[in-house]
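Asks: Residue numbers (our numbering): 2 to 125. Even glycine gets a Cβ: it sits at the ideal position worked out from N, Cα and C.
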Amino acid sequence: MPETFPANAREAVITFHYADRIKAEILLASRLLMPLNQLQGEAREGGRLVFLEFMRGLEQEINLAQAQIGDPEMVRVRTVMTGLLGMADAGMFQDLQQHFTWMITMMATYAQRAMEYLVKEKLI
2 MPETFPANAR
12 EAVITFHYAD
22 RIKAEILLAS
32 RLLMPLNQLQ
42 GEAREGGRLV
52 FLEFMRGLEQ
62 EINLAQAQIG
72 DPEMVRVRTV
82 MTGLLGMADA
92 GMFQDLQQHF
102 TWMITMMATY
112 AQRAMEYLVK
122 EKLI
């Protein structure tokens with residue numbers, strides 16, 4: 002993330018909006034992992050399918066955010082999300098948490114930088 006990011010108020014507002022929303026959705030996905038890992042048989046398969054749909058929705062949010070934010074680090078976030086979808090589809094839930102943690106950190110950083118800009122400019 003460049004030091005000059007965000008460059009203006011519009012960029013800061015859009016970044017904060019998407020980063021905070023995506024962070025909340027990733028936290029929700031992360032919380033769903035423990036009960037999902039405890040499921041067995043058909044219940045696990047059903048849980049996997051529901052979780053996969055949630056992840057696809059999250060991917061759409063990330064794609065939209067990447068298009069709006071335009072920062073190169075968002076490309077990495079999007080790439081990681083694509084990999085997580087493949088892992089979730091394969092039922093590799095135990096490996097998702099560390100990636101979620103990294104993504105949460107990235108989104109929190111975006112939100113914090115945007116908020117700092119807005120406060121510094123006395124817009125909030």
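Using three-state DSSP, classify Gly87 as helix, strand or coil.
Replies: Correct three-state label for Gly87: helix.
Asks: Are the beta-carbon atoms of Met93 and Glu60 separated by less than 8 Å?
Replies: Taking 8 Å as the Cβ cut-off, Met93 and Glu60 do not qualify as a contacting pair.
Asks: Given Gln1, which residues of its chain have a CB within under 7 Å of its CB, disregarding the five upstream and five downstream residues?
Replies: Residue 1 lies beyond the range of the chain shown here (2 to 125); nothing can be said about it.
Asks: Please return the same chain residues whose Cβ sits closer than 7 Å to the Cβ of Asn38, not counting the five positions on each side in sequence.
Replies: Hits under 7 Å: Phe94 and Gln95.
Asks: In its own chain, which residues sit with a C-beta less than 7 Å from the C-beta of Tyr118, not counting the 5 before and 5 after it?
Replies: Same-chain partners within the cutoff: Pro7 and Ala13.
Asks: Which of the three DSSP states is assigned to Asp96 in this structure?
Replies: Reduced to three states, the DSSP call for Asp96 is helix.
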